[in-house]
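Asks: Dumping the structure here so I can ask a few things about it.
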Amino acid sequence: MGLRWLLFGGYAAVLTGASLLPGTDLPVITYNDKVAHFGAYFLFAILARALPLNDRWRKLLLPVLMLYGGLLEVLQGALIPGRHADPLDALANAVGASCGWVLASRYWQRRRHAL
């Protein structure tokens, strides 16, 4: 397994674990938590975009990341004590993933043309 897959899988595991922590185990965020959601999924998308995938799978990956962010929000509200589902958190996840994807796509496109 390549380094890119390890980084992506490790980050996905950490992101999932952090998203499903009980409310009492969360660190206090002194700023708008939407910034944290945006940043987490921004990085998630950059790592995902770097994966060595063919175009068919790559086209599916951004929607999957966005759905995953929404699913974790639903699971927080349904299963995790002291947590609730926040549609604005899911939106911040989706916007962060989209922005990270666009930025990473531009990077990889320029890199491919430079070779």
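Heads up, the sequence shown is in our numbering, so the first residue is 99 and it goes up one at a time. Where is the CB? At the ideal position from N, CA and C, for every residue including glycine.
1) For the alpha helix (DSSP H) that contains Leu163, what are its first and last residues?
2) How many angstroms separate the CA atom of Tyr109 from the CA atom of Asn130?
3) Determine the closest residue to Ala183 out of Leu173, Thr114, Asn191 and Trp199, with distance taken between C-alpha atoms.
4) From His135 to Leu201, what does the alpha carbon distance come to, in whole angstroms?
5) Nearest to Leu149 by CA position, among Leu177, Ile178 and Phe106, is which residue?
Replies: Once the coordinates are examined:
1) Residues Asp153 to Leu177.
2) Computed Cα separation, rounded: 22 Å.
3) The residue with the shortest Cα to Cα distance from Ala183 is Leu173.
4) Distance between the alpha carbons of His135 and Leu201: 17 Å.
5) Checking every option, the nearest Cα to that of Leu149 belongs to Phe106.
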